[in-house]
Structures are given as structure tokens and as C-alpha cells.
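One structure below.
Numbering (my numbering), first residue to last: 10 to 170.
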């Protein structure tokens, strides 16, 4: 079977998505894809979601922060950005996605928008709620381990040990 000529091939745009989640979150590309499809269907409906053609090409995570490359059809970038913005949970874990930029190629998307170093993340012991606890610290945000989960805090809420 022959390839279609270049002028007849579908054209895509690639969204560089950065996200933050809990430090103990466990999900990959497939779970992110399913959550994005669900967000797209709930916002745009089945027909609108099919027109946008959302597809997650890759997901990379480093602790509580990560990046994803999302493909959509060329004329549907605004609706794709809206669908990404409505994404609130993946596998029951809260997530905060941000579209960093849009590119015409995967390589351009990764080089221009996803090659930035993320915030410095480290784990240390802090005093929180009258006890010493382990916490994951990122810039001005701190995720303090309490029991089986994490509680969000700021540097003003804790005392460093």
C-alpha cells in the first residue's frame, strides 16, 4: 500500500503538557491517555472529542512533576487545550496540568518546551502538626507525609529540622 501524498495526509499539532501530582502517584502513558479521553468526552462530547483526536505520545515523570506530549488535529488546538485544562485526576490521583506550548513537530515540542529543568525537588524532615515528618519539597510547596498520604503545605506552614 502506498503512502498518501503530503498534501493529503492529516496534519497534527503537539501540545507540551507539564503537570504536578502527588509524590506517591503511580500512573503511566496509558492511564494518562484514558483520563484525557474521559476529560475530552465530558467537555466536548463523543463527536467533538473524535474531531479533536487527542492522543498521548509520551509521559515522563520525576517524582511529583512530569511532562507529556499530546497530539491533536491542526485546527483543534483550542479545544485540545481546553480538554487538557479540565483534566483533574488520573487513576484517582489529583493532577494539575499546564500546557507549556504548541508545536508542529514532536521534536520541536520536546526541545522548545519540555527540555527545561523542573523545579528542584528534595526530601527532608520537617516539623508539621507538632511532629517530625518526612516531606517532599519543591520551591515554595511542600508535600508532608501524613499517614498513608500527603498533605500540601507551604514553607510558612512547616519548620525545617
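Cβ coordinates follow ideal geometry from the N, Cα and C atoms, glycine included.
Small disclaimer: the values here were computed from a predicted structure and weren't measured.
Closest Cα partner of residue i within the set the options
| i | options | result |
| --- | --- | --- |
| residue 90 | 13, 76, 106 | 106 |
| residue 76 | 156, 113, 119 | 119 |
| residue 62 | 108, 19, 14 | 19 |
Residue i (DSSP reduced to helix, strand or coil)
| i | result |
| --- | --- |
| residue 24 | strand |
| residue 64 | strand |
Residue i - partner residues in DSSP beta bridges
| i | result |
| --- | --- |
| residue 111 | 24 |
| residue 76 | 27, 69 |
| residue 158 | 155 |
| residue 150 | 147, 163 |
| residue 102 | 99 |
| residue 118 | None, per the DSSP bridge assignment. |
Inter-residue Cα distance where the pair is residue i and residue j
| i | j | result |
| --- | --- | --- |
| residue 16 | residue 83 | 14 angstroms |
| residue 94 | residue 27 | 11 angstroms |
| residue 121 | residue 139 | 44 angstroms |
| residue 38 | residue 96 | 14 angstroms |
| residue 117 | residue 33 | 31 angstroms |
Whole-number beta carbon distance between residue j and residue i, since they are thought to touch under 8 angstroms
| i | j | result |
| --- | --- | --- |
| residue 154 | residue 147 | Wrong, their Cβ atoms sit about 14 angstroms apart, outside the cutoff. |
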